[in-house]
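In the numbering used here, the protein residues as written are 295 to 507. Here a beta-carbon is modelled for each residue, glycine too, at the ideal position from N, C-alpha and C. Note that the structure is predicted; figures quoted are calculated from it, not measured. For reference, the structure is listed below as structure tokens.
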Ligand code: PRP
């Protein structure tokens with residue numbers, strides 16, 4: 295059996311559809327109901343739904359042989375896993391955004407609100423800007439509006455949330471998408487199966503879609 299950690303939600307469902315298209319699943323999502331794990335006897339795959347930010351933990355520690363995780367989460371956690379494929383789904387960009395009237399004052403630390411504090415710190419260290427980081431767990435767009443921060447460091451997909459809240463992108467930091475990740479020991483000991491799955495998944499990746507930011 296191969297254990298696969300899928301991120302709960304739309305991205306995970308899309309990823310599972312890719313496993314099915316690759317020949318590694320046949321069960322209908324609707325039939326799975328609220329079960330957190332299910333098995334595809336024919337292909338020998340055991341799937342389980344986990345919180346998107348936890349996929350890398352399951353894979354890194356070997357509870358899952360492989361999984362699908364967003365590049366944003368992988369970068370933030372510094373997960374010690376092999377990243378074998380960019381699935382081309384869940385595309386968005388890591389951006390810095392601010393109120394339309396924002397002007398930077400380089401004489402003082404920039405107040406940055408984010409869910410991705412390590413990635414934000416790394417980015418600002420790379421451009422040599424002093425910051426004061428404010429860790430939030432969601433709805434980060436509110437922070438500059440309420441004066442909690444100067445900017446936000448967050449993912450932008452359609453740009454709809456920024457627009458609806460009067461914010462604008464002031465810097466694009468990196469491209470984000472869903473990645474196929476594999477546990478390092480499993481990569482060694484289940485190498486033939488993993489190579490087969492990787493090749494099949496690669497055949498169904500959405501390589502040519504572009505991000506709409
Ligand atoms: C994410 C992100 C933005 C939004 C961007 O939030 O943090 O708020 O999506 O998407 P858009 O560009 O298409 O509007 P999420 O939905 O994960 O909710 P959260 O506020 O709980 O983080």
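For residue i: DSSP bridge partner residues
i: residue 468; result: 388
i: residue 461; result: 393
i: residue 399; result: Answer is none; residue 399 lacks a bridge partner.
i: residue 300; result: 343
i: residue 445; result: 392, 406
i: residue 361; result: 299, 475
i: residue 426; result: 405
i: residue 331; result: 342
i: residue 379; result: 474
i: residue 498; result: Paired residues: none, contrary to the question.
i: residue 450; result: 387
Proximity test, residue i beta-carbon vs the ligand PRP heavy atom, cut-off 7 Å
i: residue 451; result: yes
i: residue 435; result: yes
i: residue 409; result: yes
i: residue 454; result: yes
i: residue 448; result: yes
i: residue 432; result: yes
Residue-level contact to chain B via CB, residue i, 8 Å cutoff
i: residue 316; result: Here there is only one protein chain, and chain B is not present.
For residue j and residue i, believed in contact at Cβ under 8 Å, the rounded distance
i: residue 376; j: residue 478; result: 6 Å
i: residue 445; j: residue 373; result: Not confirmed; about 26 Å, so no contact.
i: residue 438; j: residue 404; result: Actually they are not in contact, since the Cβ atoms of residue 438 and residue 404 sit about 11 Å apart, beyond 8 Å.
i: residue 310; j: residue 337; result: Going by Cβ atoms, the distance from residue 310 to residue 337 rounds to 12 Å, so no, they are not a contact pair.
i: residue 384; j: residue 305; result: 5 Å
i: residue 389; j: residue 463; result: 5 Å
i: residue 459; j: residue 435; result: 4 Å
At least three beta-carbon pairs within less than 8 Å, the region 327-335 to the region 434-453: The region 327-335 vs the region 434-453: no contact.
Three or more beta-carbon pairs under 8 Å between the region 430-444 and the region 394-408, yes or no? Yes, the region 430-444 touches the region 394-408.
Does the count of Cβ pairs from the region 357-374 and the region 462-471 closer than 8 Å reach three? These segments touch.
So, does the region 373-389 touch the region 419-428, judging by three or more C-beta pairs under 8 Å? Put simply, the region 373-389 does not touch the region 419-428. Fewer than three CB pairs are less than 8 Å apart.
Kindly confirm or deny that the region 350-360 and the region 299-308 touch, where touching means at least three C-beta pairs closer than 8 Å. With contact defined as three or more Cβ pairs closer than 8 Å, the region 350-360 and the region 299-308 are in contact.
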